[in-house]
Structure formats: C-alpha cells, structure tokens
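**Student:** Last residue of the first sequence: 563 (the working numbering), numbering continuous.
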Amino acid sequence: MDATNSNRPDDFIRDIVRQDIKTNKFGGRVHTRFPPEPNGYLHIGHAKAIWISFGIAEEFGGLYNLRFDDTDPTKEEQKYVDAIIQDIYWLGWDWGDRLYFASDYFEQMYEYAVQLIKKGKAYVDDLSADEIREYRGTLTEPGKPSPYRDRPIEENLDLFKRMKAGEFPDGSCVLRARIDMASPNMNMRDPVMYRILHATHPHTGAKWCIYPMYDWAHGLEDSIEGITHSLCSLEFEDHRPLYDWFLDELGIYHPQQIEFGRYSLTYTVMSKRILRPLVETGIVSGWDDPRMPTLSGMRRRGYTPEAIRIYCESSGVSRANTTIDLAFLEHCLREDLNSRAPRIMGVLRPLRLIIDNYPENQVEELDAVNNPEDPGAGTRKVPFSKVLYIEQDDFREVPPPKYYRLTPGREVRLRYAYLVTCVGVKKDEKTGEIIEVHCTYDPATRGGDAPDGRKVQSTLHWVSAAHALEAEARLYDKLFTRENPLDVEAGADYKDYLNPDSLEILKSCRVEPSLAKASAGSLYQFERTGYFCVDPDTSPEKLVFNRTVTLRDTWAKIQKQQK
RNA sequence: UGGGGAGUCGUCUAAUGGUAGGACAGCGGACUCUGGAUCCGUAAGUGAAGGUUCAACUCCUUCCUCCCCAGCCA
Numbered sequence: 001m002d003a004t005n006s007n008r009p010d011d012f013i014r015d016i017v018r019q020d021i022k023t024n025k026f027g028g029r030v031h032t033r034f035p036p037e038p039n040g041y042l043h044i045g046h047a048k049a050i051w052i053s054f055g056i057a058e059e060f061g062g063l064y065n066l067r068f069d070d071t072d073p074t075k076e077e078q079k080y081v082d083a084i085i086q087d088i089y090w091l092g093w094d095w096g097d098r099l100y101f102a103s104d105y106f107e108q109m110y111e112y113a114v115q116l117i118k119k120g121k122a123y124v125d126d127l128s129a130d131e132i133r134e135y136r137g138t139l140t141e142p143g144k145p146s147p148y149r150d151r152p153i154e155e156n157l158d159l160f161k162r163m164k165a166g167e168f169p170d171g172s173c174v175l176r177a178r179i180d181m182a183s184p185n186m187n188m189r190d191p192v193m194y195r196i197l198h199a200t201h202p203h204t205g206a207k208w209c210i211y212p213m214y215d216w217a218h219g220l221e222d223s224i225e226g227i228t229h230s231l232c233s234l235e236f237e238d239h240r241p242l243y244d245w246f247l248d249e250l251g252i253y254h255p256q257q258i259e260f261g262r263y264s265l266t267y268t269v270m271s272k273r274i275l276r277p278l279v280e281t282g283i284v285s286g287w288d289d290p291r292m293p294t295l296s297g298m299r300r301r302g303y304t305p306e307a308i309r310i311y312c313e314s315s316g317v318s319r320a321n322t323t324i325d326l327a328f329l330e331h332c333l334r335e336d337l338n339s340r341a342p343r344i345m346g347v348l349r350p351l352r353l354i355i356d357n358y359p360e361n362q363v364e365e366l367d368a369v370n371n372p373e374d375p376g377a378g379t380r381k382v383p384f385s386k387v388l389y390i391e392q393d394d395f396r397e398v399p400p401p402k403y404y405r406l407t408p409g410r411e412v413r414l415r416y417a418y419l420v421t422c423v424g425v426k427k428d429e430k431t432g433e434i435i436e437v438h439c440t441y442d443p444a445t446r447g448g449d450a451p452d453g454r455k456v457q458s459t460l461h462w463v464s465a466a467h468a469l470e471a472e473a474r475l476y477d478k479l480f481t482r483e484n485p486l487d488v489e490a491g492a493d494y495k496d497y498l499n500p501d502s503l504e505i506l507k508s509c510r511v512e513p514s515l516a517k518a519s520a521g522s523l524y525q526f527e528r529t530g531y532f533c534v535d536p537d538t539s540p541e542k543l544v545f546n547r548t549v550t551l552r553d554t555w556a557k558i559q560k561q562q563k
C-alpha cells in the first residue's frame with residue numbers, strides 16, 4: 001500500500017489509538033492536546049507536531065485542546081500567546097472553546113503537591129542549585145541524598161506553604177520529589193517540582209511566586225483535561241517514567257504519553273538559539289522574514305496552510321529522528337499552488353522588444369487563460385502593443401547549445417499573442433550591452449497559432465511597456481548553504497554557512513496591468529518563472545512580490561550540467 | 001564505559017515469517033501556446049556477522065553507528 005501519498009495516513013501512533021479504541025481503554029475516547037510554551041514563534045516542526053496531535057483527534061472523531069504550557073514566567077510573553085494562536089488558527093485548526101493555560105491549574109497543582117508531601121513523597125530542599133547538581137551524580141555515578149531529604153512531613157508542609165507565601169527569595173529552596181537518587185534515569189533522581197520565582201507571569205500576574213517544573217506540571221495538565229494520548233517528541237521518552245510516577249502516586253486519571261521522532265529540514269535550522277541572533281543582528285528582517293522556517297515567515301513567503309498539510313501528511317510519522325529534504329517541502333508547495341494560483345505575466349529583468357512592423361499606436365486586448373489547471377478560473381484580457389518587455393534571459397545573441405528561446409533570425413511565440421521573428425538588436429555604443437531587440441510579427445498568428453500549422457520551439461511571456469505596472473520582486477533562496485548548518489567543521493560557525501544569495505531584490509520588474517488591485521497575501525504564478533505572493537510592504541505606488549518558490553526549471557538544470 | 005531510543009534506495013516511508021513497494025530528489029523519454037503541468041521509463045536500499053526456519057527487513061545472539069538524558073528550561 002502506498003502510505004506516502006494516501007489520504008488516510010497510517011503510522012504507529014494511529015495503530016495504538018485504533019487499538020485503544022477497540023479495547024475501550026479510555027472509554028473509546030480520543031482527546032489530544034498541543035502544549036506550546038509561549039516563549040517564541042512556531043515553526044514548521046511545530047506544524048507537524050500539531051498535525052499529529054490535532055489530526056489524530058480529528059480523524060478518530062475526538063477532541064483536541066490548545067494549551068499553553070506557561071510555567072516559566074521568566075521566558076514567556078503575551079505576544080507569543082497571541083502569535084501562536086494566530087499561527088495555529090491560520091493552519092486551519094479550530095480548538096473550539098478548548099483554549100487552556102497550565103497556569104490556570106496552579107492551585108490544583110499546589111494541592112496535589114501537598115498530597116505528595118503528606119505521603120512522604122516530596123520534600124523541601126535548601127540545597128543551592130549548584131549543590132543539587134553536585135548531589136545529583138553523573139551519568140555513570142549515582143547521586144547522593146540531600147541532607148534535607150528526610151525532613152519531617154510537618155516541616156515540609158510548613159516550608160512549602162511559606163515558599164508559596166513568598167517568604168523566601170528566589171533560589172533559596174525548592175520542592176523535590178522523593179524518588180531515587182541512584183536511579184540510572186537521571187530524571188528520577190529526586191527531580192525538582194517547584195522553584196521560587198518572584199516574577200510577573202503574563203497570565204497570572206503576581207499571584208504566584210512558586211512555579212511548577214515541566215515534569216511535575218505536564219502530566220497533571222493532561223490529567224486535569226482528560227487527555228487520552230499525550231503525544232510528544234522523542235527526547236521526552238526518558239521522562240515518561242516520571243510522568244507515570246507522579247500520576248500513579250497521586251492516584252489520578254492517567255493519560256498515555258507516546259513519543260515520536262523529531263523532524264528537521266535540510267538547509268534550515270529550527271533552533272531558537274540559532275534563529276534569534278539572525279533576527280537580532282538584522283541578517284533577516286524579523287521572525288516573519290520569508291526565509292525563516294517560522295510559520296509567520298512561511299506565511300509571508302506564500303506558503304499555504306494546505307501545502308503545509310500536504311507536507312505533514314506525506315512525510316510520515318515514526319520513532320526515528322528524521323531530516324526531510326527541503327525539495328520535498330517545495331514539491332508539496334508546488335502541488336498546492338499549481339492547482340490554485342492564477343497565472344499572470346510578469347517580467348523580472350526587462351528587455352525592450354520592439355515589433356518593427358506593428359502599427360505605432362495600436363493596442364489589442366488579447367485573451368489569456370487564468371489557470372490551465374482550473375477551467376473555471378476563466379480568462380482575462382491582456383494589452384498588446386508595439387513596444388514590449390521580455391525577460392533578459394529569453395534572448396541570446398549567441399545561443400548556447402539547447403537554447404531555444406529568442407535569438408537572431410529565430411521565430412518564437414509571444415504567449416497568447418503572435419509569432420515574432422528576431423530581426424536585429426540595438427546595443428549601447430559604449431558598453432556593448434543589448435538594450436533593444438527588434439522583431440517582426442506575423443499578423444496571421446494572432447492569439448499565438450499559425451494558420452499554416454508551423455511550430456515554434458518556445459513561448460515567451462511579455463508585458464506591454466506602455467501598460468505594464470512597475471513592481472519589486474524579492475527572490476528568496478535557502479538561508480543556509482549546507483544541508484545541515486549545525487554540522488560545523490572545526491573552527492567554523494553556522495554563520496559561515498549562511499547563503500549570501502538568500503535574498504535578491506529586483507526593483508524594476510514589470511507586470512501586467514491586471515495586477516493593479518492585487519492585495520497583500522494574494523498568490524500568483526508568474527508564468528515560466530515561479531509562484532509569487534504580494535508582500536504586506538506593497539503599496540498603490542509600488543507592488544511588492546515575494547517569490548514563494550520557483551517553477552521546476554529544466555533549462556536551469558541543463559545550464560548547470562553544461563558548466 | 002549508566003539509562004533510554006533509532007538504524008530499509010541519496011531523503012522520507014511501506015512490507016508485522018511468504019515476490020523489499022511508493023514518494024521526493026537523480027537520470028532518460030513522450031507531450032505541451034509556461035523548458036510549467038501531465039505521462040512513461042530507469043538506476044538506487046534492509047548497518048555487520050552468526051543462528052532459528054522450507055522461507056528472515058521481520059524472531060534470537062553478538063557487534064557497529066547515530067540520537068537523547070547530569071536546568072531551579074520545556
């Protein structure tokens with residue numbers, strides 16, 4: 001069976017869920033969650049994780065929650081909450097009224113912690129952070145118990161209450177689970193449950209000064225919300241015994257944690273550690289720079305939610321950490337854009353073409369197809385006249401092998417217009433640069449077909465000089481030159497692998513007049529060159545386009561081979 | 001050198017003891033008013049060695065490689 005392109009994805013998680021439904025494990029329910037920490041922007045890796053959790057719930061007729069895992073006020077901000085909501089909503093998910101905040105459960109978590117203390121399963125530790133680290137041991141040596149580990153329960157209760165009351169400064173003490181300092185799993189060596197942080201929290205303000213750690217909080221959040229399958233990435237596998245331990249000790253509802261492999265993409269990095277300096281040093285224009293792997297960047301670039309969904313569905317789920325080829329993402333993008341993007345003609349690097357035998361002041365309105373993949377998209381009129389612009393690349397005075405565009409003496413088609421034959425060029429006397437191409441046209445070929453049935457080798461796009469709109473095009477390429485920018489050679493830095501050509505700005509493009517009212521976010525295929533979308537920087541005076549992705553370019557491939 | 005994971009064409013992913021298949025990328029071709037799209041063809045893989053079996057990607061043993069864990073981050 002072809003699982004890759006199937007409309008019904010299948011993977012080990014879906015197998016488990018299917019089995020759980022069959023055995024009535026959670027009363028037949030499926031309820032998942034996506035738990036972002038609001039400390040940064042979402043990227044394409046998150047989109048995949050969201051697709052896994054939300055998609056599975058959706059497929060099995062279950063529910064999914066959006067929950068902010070906001071347990072560290074020193075890193076979290078409201079602006080991230082807002083941006084994350086916007087991004088996930090843009091992706092097309094609708095969590096209904098199930099928007100939750102872990103911080104709304106702090107009171108309940110506190111009560112649970114008290115229960116654990118009363119069971120003798122948690123204690124307040126006065127050791128400093130450094131001391132705790134020393135006492136924890138190493139990967140090969142067991143840890144040793146803190147001198148405060150056997151504090152009487154009453155004392156722990158009192159101390160914990162006073163921690164909450166704000167009697168102690170940051171870092172003075174913590175609440176720890178009392179498990180096993182000799183466990184080969186470092187996570188089980190009396191993990192910290194609460195630390196003191198006198199900080200303002202974006203959601204709870206100054207209400208709390210003790211904040212729960214991830215391991216303590218996460219299972220409780222899942223339990224409180226009645227999550228059935230708590231899906232997360234592989235690095236949390238070591239934490240599952242702890243997840244289970246807390247829930248079992250408390251004797252409360254126990255969701256099942258399942259881990260999947262992490263996803264990365266070639267030629268990009270997802271890590272904030274790398275991305276942040278790019279933003280801060282101005283190497284990119286912001287978190288929404290169209291070269292960024294952030295969802296806001298991809299949105300500005302012209303990626304569609306549908307393309308991202310195709311990518312998620314088609315790239316599979318497994319327990320292996322994988323690196324997906326950027327070309328595959330782009331393939332999914334083109335697949336979506338090809339079917340939906342209206343075609344227009346736009347010339348990126350204009351070269352004047354003059355039709356010597358065309359009447360001086362004549363203008364014809366020619367019919368052009370809006371989208372050959374979608375007959376319902378109809379046609380439009382495009383003005384044609386004596387002076388046109390064509391692409392510089394579409395003319396060669398001396399053609400290289402296999403070049404079959406315009407060259408002296410050759411006849412080509414101007415798309416939807418006429419067959420024209422090159423009869424000469426005009427060069428700048430000083431530089432020798434070609435500044436004009438002269439052609440003659442065959443009036444009998446109006447619309448682009450010759451009555452005698454003769455064929456031409458190529459069809460060029462064009463715009464009428466007098467009617468064209470000026471536009472700026474921002475051409476994007478991969479941000480890094482290496483498949484894995486983090487795989488740095490000795491003495492090198494990921495910054496050495498930044499692609500110097502990741503952005504090229506063309507300021508004097510010419511596009512057909514039908515684009516006059518194009519609004520920000522609109523997507524087009526510039527025939528023969530690529531998919532473009534209107535950037536928010538666009539204005540009535542100047543259209544600004546982002547190149548989303550090029551068309552597959554066989555000629556570029558041939559040229560590459562010839563070198 | 002403690003613990004936990006993962007190894008199938010270059011990449012992603014199927015085959016759950018019975019012909020190692022698909023997708024992307026590559027290569028070649030057909031078609032075309034986008035060198036687009038579409039279609040066809042082609043090369044390429046089970047980390048290694050043993051063992052069990054009529055039969056092993058699948059089960060067993062040993063080994064190798066890669067990833068994660070020593071935050072009062074998530």
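The beta-carbon is built from N, C-alpha and C at its ideal position, and this holds for glycine as well.
#1: For the segment 466-483 against the segment 429-447, do three or more pairs of beta-carbon atoms, one drawn from each stretch, fall closer than 8 Å, so that the two count as touching?
#2: If distances are taken between C-alpha atoms only, which option among Gly-521, Pro-400, Leu-337 and Arg-14 comes closest to Ala-307?
#3: Beta carbon of Leu-333, beta carbon of Thr-554: below 8 Å?
#4: List the endpoints of the continuous alpha helix (DSSP H) containing Gly-530.
#5: Going by other Cβ atoms of all chains shown within 10 Å of its Cβ, with 16 needed for buried, is Phe-12 buried or exposed?
#6: Could you tell me whether the Cβ atoms of Leu-460 and Arg-396 are closer together than 8 Å?
#7: Taking C-alpha atoms, which residue in Ser-264, Asp-449, Cys-209 and Ile-224 lies nearest to Ile-252?
#8: So within the segment 295-338, which uninterrupted alpha helix (DSSP H) runs reach at least 4 residues, ignoring any that extend past its ends?
#9: For Gly-261 and His-46, what's the separation of their Cα atoms in angstroms?
#10: Val-160 and Ile-196: beta carbons closer than 8 Å?
#11: Looking at the secondary structure, which residues open and close the beta strand (DSSP E) in which Pro-383 lies?
#12: By alpha-carbon positions, which one of Arg-300, Ala-465 and Tyr-311 ends up nearest to Gln-362?
#13: Alpha carbon to alpha carbon, how far is Asp-69 from Phe-101? Give it in angstroms, no decimals.
#14: With the cut-off set at 8 Å, would you say Asn-546 and Arg-474 are in Cβ contact?
#15: Does the beta-carbon of Ser-6 have 16 or more other beta-carbons within 10 angstroms, so that it is buried, or is it exposed?
#16: Excluding the five sequence neighbours on either side, which residues of its own chain have a C-beta within less than 6 Å of the C-beta of Pro-485, listed in chain order?
#17: So, under 8 Å CB-CB, Val-382 and Tyr-416 are touching, yes? Tell me the CB distance rounded to an integer number of Å.
#18: When you compare only the Cα positions, how much space is there between Ile-44 and Pro-372?
#19: Is DSSP giving Lys-560 helix, strand or coil here?
#20: At what residue ranges does the segment 202-281 contain a whole run of the alpha helix (DSSP H), taking only runs of 4 or more?
#21: Tell me which residues share the same chain as Asp-394 and place their Cβ nearer than 6 Å to its Cβ, disregarding the 5 neighbours each side in the sequence.
#22: What does DSSP give as the partner residues of Cys-173 in its beta bridges?
#23: Excluding sequence positions up to five away, which residues of its chain have a Cβ less than 7 Å from the Cβ of Gly-226?
#24: Count the other CB atoms, across all protein chains shown, that sit within 10 Å of the CB of Tyr-89; report buried if there are 16 or more and exposed otherwise.
**Tutor:** This is what the structure holds:
#1: no
#2: Leu-337
#3: no
#4: Unbroken run through Gly-530 is the beta strand (DSSP E), 530-534; no alpha helix (DSSP H).
#5: exposed
#6: no
#7: Ile-224
#8: 295-301 and 305-315
#9: 12 Å
#10: What sits at residue 160 in the sequence shown is Phe, not Val. Contact: no.
#11: 379-384
#12: Ala-465
#13: 6 Å
#14: yes
#15: Reliability of the predicted coordinates at Ser-6 is poor, the pLDDT of 42 falling under 50, and the value obtained from them is presented with this limitation in mind. So Ser-6 counts as exposed.
#16: Val-269, Tyr-494 and Tyr-497
#17: 7 Å
#18: 30 Å
#19: helix
#20: 214-224, 240-250 and 272-280
#21: Arg-405, Leu-406 and Leu-460
#22: Paired residues: none, contrary to the question.
#23: His-31 and Tyr-253
#24: exposed
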